[in-house]
């Protein structure tokens, strides 16, 4: 009987999970956005925006960006033109300073005070002319149909000490399953394909509202992994929330936007079309919600 005591003690230790071994987790995230939209854009007319136009603009680590609104300034070229009001407002040439520019300027002042519109004058600038004039984004958002785009989120996690690897694409999922499924918290909680409008809705936001100025949404993957059992259990759970401050009256620069340009040469002169793009950045965050044990390995 004495010989059984160490065995029983070891068994009880395993059963009660008293022998804990914690392990760091390595994680990788990749995303793939799909969708196409037809939009009527001022200065451009009816335009098809595909995945490259929407999401190939500003990607980051563990995140992806989808354009939802845009301001276009066409046919800019290097030259001299009036600064846009209210910057550079003037009455006479004395109000303008040759060589002056600041963070709000669209160019460098040349000296003269010139006509901006029927009521105002502004200082002339050397710049890409005509300078961008519109200040506020279009309402409703021009690319709001991006809410019907989908994204495949692929997440691999690995516990080096356990030599255990898990994907959020579950082993039993087939290629057909991935092409046909769409995430639903109740009916399809393990599908890694998400409709963008559903993500924003799960974050308790309206896509049409958020699309106007843009913003940031967090996609959190919580892994509830228990390696104590003889049969390992490790499943992902998804949750969503807005990460940026959305109230315009509570922040100086609400939403998310950036600019880029497409260049062309006409009769030997370089031209560009300037895009001010508003959109939603989706940040994918991975979290392990439980510690691990060597029990049952």
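Residue numbers (this note's numbering): 27 to 323.
Beta carbons: idealized from backbone N, C-alpha and C, even for Gly.
When the Cα atoms are used, what is the spatial distance from residue i to residue j?
i           : j           : result
residue 156 : residue 285 : 16 Å
residue 267 : residue 226 : 8 Å
residue 312 : residue 92  : 21 Å
residue 198 : residue 176 : 22 Å
residue 116 : residue 279 : 27 Å
residue 236 : residue 170 : 9 Å
residue 52  : residue 188 : 12 Å
residue 238 : residue 97  : 11 Å
residue 129 : residue 304 : 20 Å
residue 73  : residue 65  : 5 Å
residue 208 : residue 179 : 12 Å
residue 151 : residue 222 : 42 Å
residue 265 : residue 302 : 30 Å
residue 75  : residue 295 : 27 Å
Going along the chain, which residues of its own chain have a beta-carbon closer than 6 Å to the beta-carbon of residue i, five neighbours each way excluded?
i           : result
residue 126 : 135
residue 263 : 248
residue 122 : 116, 135, 137, 139, 149
residue 298 : 102, 287, 289
residue 55  : 88, 181, 310
Consult DSSP for residue i and reduce its assignment to one of helix, strand or coil.
i           : result
residue 166 : coil
residue 311 : strand
With burial defined as no fewer than 16 other Cβ atoms inside 10 Å of the residue's Cβ, what is the status of residue i: buried or exposed?
i           : result
residue 191 : exposed
residue 307 : buried
residue 163 : buried
residue 153 : buried
residue 300 : buried
Residues in its own chain within less than 8 Å of residue i by CB, not counting five upstream and five downstream?
i           : result
residue 118 : 139
residue 124 : 135, 136, 137
residue 234 : 166, 167, 170, 173
Could you pull out every residue in the same chain whose Cβ sits closer than 7 Å to the Cβ of residue i, ignoring the five residues on either side in sequence?
i          : result
residue 86 : none
Check whether the Cβ of residue i lies closer than 8 Å to any Cβ atom in chain C.
i           : result
residue 158 : Checking the listed chains, one finds no chain C in this structure; it contains a single protein chain.
message: At 4 residues or longer, what runs of the alpha helix (DSSP H) sit wholly inside the segment 52-117?
response: 77-81
field: Every unbroken beta strand (DSSP E) within the segment 197-270, with a cutoff of 3 residues, ordered by chain
entry: With a minimum length of 3 residues, the continuous beta strand (DSSP E) runs that stay inside the segment 197-270 are 219-221, 241-252, 259-268.
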